[in-house]
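Working notes, structure below.
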Amino acid sequence: MLDLLGFDSLDAISDATVPADIRLDAPLDIPDPRGERECLQGLKAIASKNKIYRSCIGMGYTGTVTPPVILRNVLENPGWYTQYTPYQAEISQGRLEALLNFQTVIADLTGLPLAGASLLDEATAAAEAMGMCIAIANHKKTGFWASDDCHPQTLALLKTRAAGLGVDLKIGPVSEIDFDFGDGGLCGVLVQYPTTDGRINDYSELAAQAKSHKCLTVAAADLLALTLITPPGQWGADICIGSAQRFGVPMGLGGPHAAYISTRDEYARKLPGRIIGVSKDCHGNRALRMAIQTREQHIRRDKATSNICTAQALLAIINSFYAVYHGPEGLTSIARRVQGFTAALAKGLERLGHKATHDGPVFDTIRIRLGKGRTHAARQVADAARERQINLREYDDGSLGVTLDETSDRGLVADLLAAFNFGHYTGFDIDELLAEAEAEGLCDLTGFARTSDFLTHPVFHTYRSETKLLRYIFKLMSRDLSLAHSMIPLGSCTMKLNGTSEMIPVTWPEFAEIHPFSPDTQWRGYTQMFRELESWLCSVTGFAAVSLQPNAGAQGEYAGLLVIRAYHEHQAAKAGQKNERNVCLIPTSAHGTNPASAVMAGMKVVPIKCNDRGDIDMDDLNAKAVQHSDKLSCLMITYPSTHGVFESTVRRVCDLIHEHGGQVYMDGANMNAQVGLTSPGKIGADVCHLNLHKTFCIPHGGGGPGMGPIGVAPQLAPFLPEHPVERPDTAGEFAIGPVSAAPYGSPSILTISYVYIALMGASGLKQATQVAILNANYMAKRLSEHFDILYTDDKGFVAHEFIVDCRKFEKSAGVKIDDIAKRLMDYGFHSPTMSFPVPGTLMIEPTESESKDELDRFCDAMISIRAEIQSIEDGKMDAEDNPLKHAPHTMGAIGSDDWQHPYTREQAAWPMAWLRDAKFWPTVGRIDSAYGDRNLVCSCPPMDDYS
Numbered sequence: 005m006l007d008l009l010g011f012d013s014l015d016a017i018s019d020a021t022v023p024a025d026i027r028l029d030a031p032l033d034i035p036d037p038r039g040e041r042e043c044l045q046g047l048k049a050i051a052s053k054n055k056i057y058r059s060c061i062g063m064g065y066t067g068t069v070t071p072p073v074i075l076r077n078v079l080e081n082p083g084w085y086t087q088y089t090p091y092q093a094e095i096s097q098g099r100l101e102a103l104l105n106f107q108t109v110i111a112d113l114t115g116l117p118l119a120g121a122s123l124l125d126e127a128t129a130a131a132e133a134m135g136m137c138i139a140i141a142n143h144k145k146t147g148f149w150a151s152d153d154c155h156p157q158t159l160a161l162l163k164t165r166a167a168g169l170g171v172d173l174k175i176g177p178v179s180e181i182d183f184d185f186g187d188g189g190l191c192g193v194l195v196q197y198p199t200t201d202g203r204i205n206d207y208s209e210l211a212a213q214a215k216s217h218k219c220l221t222v223a224a225a226d227l228l229a230l231t232l233i234t235p236p237g238q239w240g241a242d243i244c245i246g247s248a249q250r251f252g253v254p255m256g257l258g259g260p261h262a263a264y265i266s267t268r269d270e271y272a273r274k275l276p277g278r279i280i281g282v283s284k285d286c287h288g289n290r291a292l293r294m295a296i297q298t299r300e301q302h303i304r305r306d307k308a309t310s311n312i313c314t315a316q317a318l319l320a321i322i323n324s325f326y327a328v329y330h331g332p333e334g335l336t337s338i339a340r341r342v343q344g345f346t347a348a349l350a351k352g353l354e355r356l357g358h359k360a361t362h363d364g365p366v367f368d369t370i371r372i373r374l375g376k377g378r379t380h381a382a383r384q385v386a387d388a389a390r391e392r393q394i395n396l397r398e399y400d401d402g403s404l405g406v407t408l409d410e411t412s413d414r415g416l417v418a419d420l421l422a423a424f425n426f427g428h429y430t431g432f433d434i435d436e437l438l439a440e441a442e443a444e445g446l447c448d449l450t451g452f453a454r455t456s457d458f459l460t461h462p463v464f465h466t467y468r469s470e471t472k473l474l475r476y477i478f479k480l481m482s483r484d485l486s487l488a489h490s491m492i493p494l495g496s497c498t499m500k501l502n503g504t505s506e507m508i509p510v511t512w513p514e515f516a517e518i519h520p521f522s523p524d525t526q527w528r529g530y531t532q533m534f535r536e537l538e539s540w541l542c543s544v545t546g547f548a549a550v551s552l553q554p555n556a557g558a559q560g561e562y563a564g565l566l567v568i569r570a571y572h573e574h575q576a577a578k579a580g581q582k583n584e585r586n587v588c589l590i591p592t593s594a595h596g597t598n599p600a601s602a603v604m605a606g607m608k609v610v611p612i613k614c615n616d617r618g619d620i621d622m623d624d625l626n627a628k629a630v631q632h633s634d635k636l637s638c639l640m641i642t643y644p645s646t647h648g649v650f651e652s653t654v655r656r657v658c659d660l661i662h663e664h665g666g667q668v669y670m671d672g673a674n675m676n677a678q679v680g681l682t683s684p685g686k687i688g689a690d691v692c693h694l695n696l697h698k699t700f701c702i703p704h705g706g707g708g709p710g711m712g713p714i715g716v717a718p719q720l721a722p723f724l725p726e727h728p729v730e731r732p733d734t735a736g737e738f739a740i741g742p743v744s745a746a747p748y749g750s751p752s753i754l755t756i757s758y759v760y761i762a763l764m765g766a767s768g769l770k771q772a773t774q775v776a777i778l779n780a781n782y783m784a785k786r787l788s789e790h791f792d793i794l795y796t797d798d799k800g801f802v803a804h805e806f807i808v809d810c811r812k813f814e815k816s817a818g819v820k821i822d823d824i825a826k827r828l829m830d831y832g833f834h835s836p837t838m839s840f841p842v843p844g845t846l847m848i849e850p851t852e853s854e855s856k857d858e859l860d861r862f863c864d865a866m867i868s869i870r871a872e873i874q875s876i877e878d879g880k881m882d883a884e885d886n887p888l889k890h891a892p893h894t895m896g897a898i899g900s901d902d903w904q905h906p907y908t909r910e911q912a913a914w915p916m917a918w919l920r921d922a923k924f925w926p927t928v929g930r931i932d933s934a935y936g937d938r939n940l941v942c943s944c945p946p947m948d949d950y951s
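Residue 154 in our numbering sits at position 150 of the sequence shown; the count goes up by one each step and never skips.
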């Protein structure tokens with residue numbers, strides 16, 4: 005490979021491609037590489053410092069049981085966790101069906117017909133709903149009322165988001181609601197259902213009142229509770245959000261977990277995130293795909309209402325299989341068991357002289373005031389509980405909260421009663437307490453009880469045995485192309501190896517079964533891992549500090565821009581002035597989330613032109629920097645550029661922005677070409693988010709999870725985000741508010757990046773970057789004889805990715821970029837990134853994980869497709885009836901008795917010899933997305949349309 009490119013070493017090729025003025029002059033400050041066994045043993049010792057207590061804290065996080073058949077065959081299975089976002093629907097039918105099941109669960113339980121395919125966490129989902137209310141009101145109303153009995157992390161995050169969106173946020177009792185609050189009045193009101201302290205309130209009158217004021221009602225609802233109590237959609241809610249964590253996903257100190265959102269059909273175009281919809285393929289068969297894709301952020305850019313491009317697909321898939329396995333009867337049984345133990349506990353506490361703070365029915369949570377004269381003893385009770393390895397929720401007023409869950413049993417109730425008896429066992433009979441509670445109506449939901457059916461579709465009644473569920477899981481998995489099949493050469497998305505050793509610790513109980521708000525003395529192992537990982541990431545970025553809180557790349561962008569905004573506000577305040585620095589310069593080639601994030605952070609986006617080489621137009625940048633000098637907040641850039649080139653002017657770019665008082669934000673999407681060779685700090689940037697699901701090997705999971713921590717230069721460190729419940733160690737003196745529900749985002753998957761860096765060490769990370777650059781240049785060289793490579797540096801080289809120009813084929817052969825992408829499926833490959841950053845092109849990124857054999861196999865497929873295009877150009881193949889236009893070819897099409905194409909079945913399905921050895925068959929033909937958008941169906945259709 006080096007010979008083909010004219011180099012004799014990896015150092016030589018990296019010296020030729022990375023500008024000399026930004027190269028690192030010393031190795032990364034990261035320990036030497038460890039072996040897999042050694043690394044896992046070391047991490048196991050760290051994990052042993054975590055203490056697994058039984059959690060009764062609640063606040064949106066509860067214990068759950070992940071059925072082993074789902075744990076091993078989904079969560080721990082590379083056939084599920086290495087898939088990419090289902091942009092190529094024909095080879096994503098398995099995860100799309102699982103996500104459609106998830107949407108059906110959410111729609112049925114919430115009583116609202118349209119549900120999304122997941123969001124990041126409950127608190128950010130609430131913020132997305134707030135933004136949605138503003139958008140539905142056409143920004144003519146700016147007031148939003150959040151009930152003060154919502155979870156505290158949700159309220160804190162709403163404050164963060166409201167500041168950038170220009171929302172007048174009021175937090176207070178709904179009994180005091182003022183619909184005239186804010187400019188134009190309230191656009192929305194948020195309630196928790198049940199409340200954070202366990203009350204089940206009737207919000208129907210509030211919803212009716214809100215509707216009369218043209219104000220939307222948003223309910224943050226507990227999914228398990230909704231099996232027993234009236235769905236929000238039935239009492240008048242317009243939007244419902246929440247967490248699906250308790251449906252089979254461990255707490256993991258806060259994540260990752262799938263949030264959900266549902267709404268009424270009329271608000272479909274305002275719904276943030278992704279929606280899976282039912283359509284049909286070219287053969288008339290049912291087929292699934294992502295619906296209404298015009299909402300995707302690379303299209304909407306600064307018009308976007310959300311910067312969400314990362315969902316929690318893998319976790320939503322787990323939730324959906326959990327619901328499929330248990331069905332409505334099983335979920336209801338779990339809910340009633342939880343409610344029963346909660347009622348028995350409440351009755352036992354009453355015997356002890358303690359009192360719940362509210363009357364009425366209970367579900368899983370009660371708040372307790374200790375008996376008369378004992379309010380000073382809350383600490384004593386909490387300590388007695390901890391002696392029994394139980395965590396309670398401690399309120400500032402001396403009351404205590406207890407939340408039970410699927411894992412609760414009679415022993416836990418007995419231990420809790422002993423703790424509330426100041427350490428002495430009561431001897432109460434739990435079954436007797438339960439009978440007493442039921443007799444006194446503590447489980448009576450009259451006035452609140454659910455009367456409507458849910459999960460009536462056969463999919464939720466068919467797979468009740470492990471054998472049947474196992475086969476269903478593998479049937480769906482077989483419909484998806486993943487890294488277990490072939491390379492996924494997506495430019496800018498960095499689909500690299502997710503090493504097995506990296507994945508193993510994720511499901512260790514020491515990491516998985518810890519509540520995010522448990523005392524930090526119980527997760528010292530996590531703390532040690534955080535500190536080491538932060539140190540390594542500081543070395544990689546060349547920055548002074550790192551916050552691990554942002555739980556997606558887009559969240560990292562948003563957090564970084566908030567930190568910049570807070571820095572400018574602080575500087576202005578020190579000078580006795582008002583901050584007016586709100587202009588964000590963004591190249592036209594940037595990821596669509598960049599301008600969307602800037603708008604969410606309250607900034608004005610000013611685009612910067614790119615020249616014919618795809619580089620930032622320095623003249624335009626200089627002119628815009630001068631024009632907006634007094635108001636310049638920052639520049640957002642991606643490096644290497646979005647066009648896959650190391651721009652030699654990058655230092656000049658950063659210096660220019662600093663000269664005008666701005667800060668430089670670097671999008672970390674292309675860090676795979678930087679690590680060990682250069683760094684954002686070396687280049688001159690001030691903040692950068694790191695896509696741990698790209699460069700640092702957290703798997704994409706079919707469209708999430710992800711992590712997007714930010715690194716910052718010293719002047720920005722004081723502004724790193726805080727959290728209202730557990731302040732992160734990295735939170736600065738002038739910290740911005742939280743950007744994620746949990747203090748450390750999605751901590752359980754940070755173990756993946758930790759193991760990756762520990763295994764690689766400084767030398768391995770540098771070599772990986774060099775090999776990624778080598779692989780991209782090798783492929784570009786091979787393909788350059790058949791395709792035009794759109795952008796290179798002045799020596800003819802690319803960085804870690806490159807763009808193949810396919811625009812001329814539409815004119816010469818009638819072949820569009822979609823035709824090439826679909827034809828690649830016949831060769832067993834996922835398409836590269838389509839039409840980004842240039843329409844009509846393919847952006848290819850091989851990563852360092854792929855062998856030369858795999859790179860050559862993909863190149864051979866592309867060259868073969870080019871030959872097919874040439875046949876059309878030469879008139880040897882029909883311009884309309886050819887393998888590209890009818891791709892992908894399913895087994896059903898190939899095996900049909902009605903084959904009428906002028907090309908052979910062999911040419912359609914086995915155009916290369918190696919396909920006879922291993923063939924991935926798409927299960928549907930080319931999908932008619934327009935039909936699906938015209939006929940929007942986003943939950944499980946009738947069974948006769950299903951199979």
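Cβ coordinates follow ideal geometry from the N, Cα and C atoms, glycine included. Bear in mind that the values here come from a model prediction, so they are computed numbers and not experimental data.
- If you draw a straight line from the Cα of Leu169 to the Cα of Gly46, it comes to about 45 angstroms.
- If you look at Ala224, you'll find it in the beta strand (DSSP E) that goes Leu220 to Ala225.
- No Cβ-Cβ contact shorter than 9 angstroms links Leu724 with Ser490.
- Contact annotation: Ala780 and Glu877 have beta-carbon atoms that are not nearer than 9 angstroms.
- In the three-state DSSP reduction, Ala263 falls in the strand class (E or B).
- The alpha-carbon of Leu473 is positioned some 52 angstroms away from that of Gly188.
- Remark: C-beta atoms of Leu227 and Tyr264 approach each other more closely than 9 angstroms.
- Fewer than three beta-carbon pairs drawn from the segment 245-263 and the segment 93-104 are found closer than 8 angstroms, and the two stretches are therefore not classed as touching.
- When DSSP reads this structure, Thr837 sits in a beta bridge with Met847.
- Straight-line measurement puts the Cα of Cys810 at about 18 angstroms from the Cα of His890.
- A direct Cα-Cα distance of roughly 13 angstroms separates Pro728 from Tyr399.
- With fewer than 16 neighbouring CB atoms inside 10 Å of its own CB, His287 falls in the exposed class.
- For Phe148, the pairing in a beta bridge is given by DSSP as Leu173 and Gly192.
- Thr545 places its beta carbon 9 angstroms or farther from that of Ser412.
- For Glu398, the enclosing beta strand (DSSP E) begins and ends at Ile394 to Glu398.
- Using a Cβ distance threshold of 9 angstroms, Tyr782 and Leu859 count as a contacting pair.
- A distance below 7 angstroms between beta-carbons, with the five flanking residues on each side excluded, links Ala386 to the following residues of its chain, in chain order: Leu396, Glu398 and Leu404.
- Asn939 sits in coil when the DSSP states are folded into three classes, being neither helix nor strand.
- Around the C-beta of Ser13, fewer than 16 other C-beta atoms lie within 10 Å, and the residue is accordingly described as exposed.
- Secondary structure in the segment 572-620: the alpha helix (DSSP H) runs of 4 residues or longer, each lying completely within the stretch, are 597-604 in chain order.
- Under the DSSP assignment, Val649 falls outside any beta strand (DSSP E); it carries neither an H nor an E label.
- Under the rule that a run must span 4 or more residues, the alpha helix (DSSP H) segments found entirely inside the segment 848-887 read 856-877.
- For Gln667, the beta-bridge partners assigned by DSSP are Cys638.
- Here DSSP, grouped into helix, strand and coil, assigns Trp527 to strand.
- The beta strand (DSSP E) runs lying completely inside the segment 313-401 and spanning 3 residues or more are 369-373 and 394-398, given in chain order.
- C-alpha of Arg293 to C-alpha of Asn939: approximately 13 angstroms in a straight line.
- Nearest to Met136 by alpha-carbon distance, out of Thr199, Ile620, Ala167 and Leu220, is Leu220.
- Collapsing the DSSP output to three states places Ala453 in a strand.
- With respect to the 9 angstroms criterion, Ile322 and Leu353 are not classified as neighbours on the basis of their beta carbons.
- In this chain, the alpha helix (DSSP H) harbouring Ser216 covers Ser208 to Ser216.
- Taking a contact to require three or more Cβ pairs closer than 8 angstroms, the segment 662-677 and the segment 624-636 qualify as touching.
- Runs of alpha helix (DSSP H) with 4 or more residues, each lying fully within the segment 440-522, are found at 463-466, 470-481, 504-507 and 513-516, listed in chain order.
- According to the DSSP assignment, Val417 belongs to the alpha helix (DSSP H) that extends over Arg414 to Phe424.
- 9 angstroms or more divides the Cβ of Gly560 from the Cβ of Pro742.
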